[in-house]
Amino acid sequence: MNESTITTAAAISVLRQHINGRLIGQAQVVDQVLIALLAGGHVLNEGVPGLGKTLLVQALAAGIGGKFKRIQFTPDLMPADVTGHVMFDMSKSKFVLKQGPVFTNLLLADEINRAPAKTQAALLEVMQEHQVTLDGKSMPVGKPFMVLATQNPIEQEGTYALPEAQLDRFIIKINIDYPTAEDEVLIATRYALQSFTGEGEQAQQLVDVPAAQRDCAAIEVDASVSEYAIRLVRATRGTTLLRHGAGPRASIALLRCARAQALLNGVDFVTPDDVKSMVLPVLRHRVILAPEVEIDGLGVDEVLANLLDKVDAPRS
Amino acid sequence: MDLDKLQVNACIRSGWQALDLGFLMARAWWRLLCIAGLVPMLPLAIVLLAIFFDSPFWALLVLWWLKPFWERLPLFIASRMLFDEAPGIWSSMKSLPLKDILPWLFWRRFSPQRAFDNPVTVLEGLKGAARRQRLRVLHGKYSDVALSNQFVCFLCELLLAFGLLVLFDFFTPDVLGIRFYDTFGDLTLAGEWLFSLAAIIAMSLVMPFHTMAGFALYLNRRIELEAWDIEISFRNLAERKRSLQTPARILPAVVLVFGLFGAGVPGSAEAVIEHDRESSAELIEQILQGKDFGQEREVRKWRFKDMDEEAEEEESFPEWIIDFFEWLEGSQGWWQGLSGIAVWVKILLVVLFAGLLLYLLRRYRGPLSRLIRERPKETAPEVLFGLDVTPESLPPDVPQQAIRLWGEGACREALSLLYRASLSRLIERYELAFRASHTEAECAALVRAHGIESLSEYFWQLTQTWRRLAYGHRLPSDDVLHSLCDGWARELSSGTE
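Chains as they are written, first to last, in the numbering used here: chain A, 1 to 316; chain B, 317 to 813.
Right, here's the structure in full:
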């Protein structure tokens, strides 16, 4: 393991502790968000309100010394409200550029499925290109740039479900669940006395994210492990349990996330365990259940777990 | 009972046709039967609902429990109307038989054939052994139909009650502020009142149909057993014949003359009868010898021996059991004197049984918990991660062979052998259920779950080293390999069991 990777792994460990100290009882969620950050992807969060999604992003922004902005998606939100627009300044008699909230490092897109398709598409374009075109000029957004979009699993009335092609842009989908009883006691005790939002927290750069992303990309992947990842993704295509399997972008995402997972574990090579542990978050939003499976009451996670059991681990 | 006045067509029907007839009777006399059911029930319902104002379900329970009693008056009236009588409700109430009502409200309350059995008590006035004997004759093939009648009517009552509840709920304007359910879907007091009233209405509406269907079944069985249809046909025939004779008045006179003549000489009448018997016997003999009856044929065919009949005889209840239960039934008074003791005996038995159960559970807790935990053994895999993990594939001295390979520069083969041998030994010795889809860390977790700490630590160290070589292409040092070989000899060689 080279010096840079060791330093990065140590820094990530500090960042992880920093966030876990603020967001209690969601260690797995924190890990997955960090993996998405290291892999240079975006995160789709699904969970009921009040589980600390905003706090997570604020703590992360503070930990990487980055800027944080939040958009509450509503049915009347326009693309210009996300990306920005050009307006005429009467006093200066010229057009001035008004940058939208996407010009940040961490963007919390709250309840993304409440906005109509064109607004979602504007955000997803920024996610893909990492730049915004305003008045014919392309402007890069902040670096690093990560979107944490949230969806509410309940209250689906009046929402615009994200199309599969757009869901594919999110590198992972995290299901946030309620904390355990012990953690909840700790949360209630701590946040009864101090601010819950974490606003005004002093930003400190615990991790140099672009450098960490470079280190992550340099993590070694053995051919047998890559082949294992591909086999896992391909297993979603040949089964009658799923109407649509995951595409090649899923294979890329799986390997990128497995690399990040290895870095998070402090090693510089990817094991089949790293790949296997990322299958659910990477694939759960990229596959569609067969109608009969849905009728039987099975969930995506159950079907994927079933498929995992059918794919042989690498033969070294 | 004058069969000439029978209001229904006396013919043999199937059980289901009899139910149809019962429903038809209920529809024809519905108003009177409904009133007959409500008249005794309504005053009590009002009193009970007033008493149990805060919990009307109790009132409903009492009213429901007394159903066998409410059904008596409609049945009694229907039995009179069947023979073209027009009984008044008050006069019927006065002559309504109330005997044997207690058994119907206690141990016969949940009788599944109540509507079918009720007429035997109410109309025939039978009880005890006579009633049982009568029911045995009547039930026959109609038991299941009577059971269906009870079940279907119960469901109809339930549906009607809930339907009325929902109907009232839907049509109650919100502005009235009456809530029948609370936030959790439980009935409020208003809801309980509404449901109780709906259930009472449903009970009154369904009761005539239920009672009449049972009565029609009973009637059908009696027609079948006592050949009412034949009797009525003969009567009609006789009537028609009588109307054809001219002059009709001669016949009684002739009968009278012959009767008087015969009555004066009883001895000769007997002789005449004796003569008739002889001549009849001759006549019967002649007929039997005739071409219609006089033929004899020999037919050969296979049939089962009488084993079935013997088996059936064996299966049927022995006489002494029937006698014993009849004796029990007959000596109820004596037993009732012992009821106090019986309760204590019952409690004692329950306590003894519970104690025995607890003792057995405690005594056999080990085997039981093993039984619960044990899972069907999976077939041990022969190839895992592409490695042959059968014991036959391993060299006799694994650590020695690994060190030899290491020395020859075949580092990957050496570590692979050590890892493969470990898996093989774990499968063979501890029956660990490794699957082809398990990764190395999952295998290590299975070993950890087995609970042998030193083995778990060793296997985790070996797994880490193997992964570093296989996926990270990092060679372990000589010391590490020798340490792993020593560990293998310590934890997994044949002599370390």
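Where a beta carbon is used, it is the ideal one built from N, C-alpha and C, also for glycine.
What number of angstroms, rounded off, separates the C-alpha of residue i from the C-alpha of residue j?
i: Cys257(A); j: Asn265(A); result: 12 Å
i: Pro419(B); j: Ile603(B); result: 56 Å
i: Arg231(A); j: Tyr774(B); result: 31 Å
i: His526(B); j: Ala532(B); result: 10 Å
i: Lys668(B); j: Leu677(B); result: It is Leu, not Lys, that sits at residue 668(B) in the sequence shown. Going by the C-alpha atoms only, they are around 14 Å apart.
i: Phe368(B); j: Phe487(B); result: 26 Å
i: Leu553(B); j: Asp639(B); result: 46 Å
i: Ser408(B); j: Phe392(B); result: 7 Å
i: Trp374(B); j: Ala658(B); result: 29 Å
i: Leu123(A); j: Lys94(A); result: 27 Å
i: Gly788(B); j: Arg728(B); result: 12 Å
i: Met519(B); j: Glu473(B); result: 6 Å
i: Ala62(A); j: Gln205(A); result: 7 Å
i: Asp490(B); j: Leu364(B); result: 29 Å
i: Arg396(B); j: Gly441(B); result: 15 Å
i: Ala569(B); j: Tyr458(B); result: Reliability fails at Ala569(B), whose pLDDT of 49 lies under 50, so the model's placement of it is uncertain and the value that follows must be treated cautiously. Going by the C-alpha atoms only, they are around 48 Å apart.
i: Lys143(A); j: Gly21(A); result: 25 Å
i: Thr239(A); j: Ala506(B); result: 54 Å
i: Ala515(B); j: Ile539(B); result: 35 Å
Excluding the 5 residues preceding and the 5 following residue i in the sequence, name in chain order all residues of the same chain whose CB lies nearer than 8 Å to its CB.
i: Gly41(A); result: Met146, Phe170, Ile171, Ile172, Ala253, Arg256, Cys257
i: Phe422(B); result: none
i: Ile12(A); result: Leu34, Leu38, Val207, Ala212, Leu263, Leu264
i: Leu389(B); result: Ala352, Gly353, Val355, Pro356, Ile405, Ser408, Met409, Leu412
Any Cβ of chain B within less than 8 Å of the Cβ of residue i?
i: Ile88(A); result: With the sequence shown as reference, residue 88(A) is identified as Phe, and Ile is not the correct amino acid for it. By this cut-off, Phe88(A) is not an interface position.
i: Val293(A); result: no
i: Glu220(A); result: yes
i: Arg210(A); result: Position check: residue 210(A) holds Pro in this sequence, whereas Arg was assumed. Answer no: the Cβ-Cβ gap between Pro210(A) and chain B never drops below 8 Å.
i: Val270(A); result: yes
i: Asp183(A); result: no
i: Leu280(A); result: no
i: Asp309(A); result: yes
With a CB to CB cut of under 7 Å and the five nearest residues on each side skipped, what residues in its chain are close to residue i?
i: Ile517(B); result: Leu480
i: Asn175(A); result: Glu46, Gly47
i: Asp81(A); result: Gly100
i: Trp386(B); result: Gly353, Pro356, Met357, Met523
i: Cys216(A); result: Leu38, Ala39, Arg259, Ala260, Leu263
Judging by CA-CA distance, which residue of the options is the nearest neighbour of residue i?
i: Ala188(A); options: Gly50(A), Asp31(A), Thr7(A), His18(A); result: Gly50(A)
i: Thr781(B); options: Val714(B), Gly767(B), Ala760(B); result: Ala760(B)
i: Arg190(A); options: Leu23(A), Asn2(A), Leu242(A); result: Leu23(A)
i: Phe511(B); options: Pro359(B), Leu475(B), Glu540(B); result: Leu475(B)
i: Ser772(B); options: Arg790(B), Asp794(B), Leu748(B); result: Leu748(B)
i: Ala103(A); options: Arg114(A), Val126(A), Arg286(A); result: Position check: residue 103(A) holds Phe in this sequence, whereas Ala was assumed. Looking at the Cα atoms, Val126(A) is the closest of the given residues.
i: His766(B); options: Leu674(B), Leu778(B), Leu742(B); result: Leu742(B)
i: Glu547(B); options: Ile328(B), Glu769(B), Leu778(B); result: Ile328(B)
i: Leu335(B); options: Leu721(B), Cys469(B), Phe641(B); result: Cys469(B)
i: Arg425(B); options: Trp381(B), Lys443(B), Arg619(B); result: Trp381(B)
i: Ala27(A); options: Met87(A), Gly52(A), Ser4(A); result: Gly52(A)
i: Ala402(B); options: Ala431(B), Trp345(B), Leu414(B); result: Trp345(B)
i: Leu739(B); options: Ser809(B), Ser411(B), Ile405(B), Leu377(B); result: Ser809(B)
i: Leu307(A); options: Ile295(A), Lys276(A), Gly297(A); result: Lys276(A)
For chain A, check one thing: does any of its Cβ atoms lie closer than 8 Å to the Cβ of residue i?
i: His526(B); result: no
i: Leu808(B); result: no
i: Asp756(B); result: Residue identity differs from the one stated: residue 756(B) is Glu in this sequence, not Asp. So yes, Glu756(B) belongs to the interface.
i: Arg783(B); result: yes
Mind pulling the chain A residues with CB within less than 8 Å of residue i?
i: Ala752(B); result: Asp312, Ala313
Suppose the cutoff is 6 Å on Cβ atoms and the five residues either side in sequence are ignored; what does the same chain contact list for residue i look like?
i: Pro116(A); result: Tyr160
i: Ala246(A); result: Val233, Thr236, Leu283, Arg286, Val287
i: Ala149(A); result: Leu44, Ala109, Ile112
i: Ala36(A); result: Val43, Ile171, Ile172
Residue i versus chain B: which residues are under 7 Å apart at the beta carbon?
i: Val225(A); result: Tyr787
i: Lys276(A); result: Thr755
Interface residues of chain B around residue i at Cβ under 8 Å?
i: Asp273(A); result: Thr755, Glu756, Ala757, Glu758
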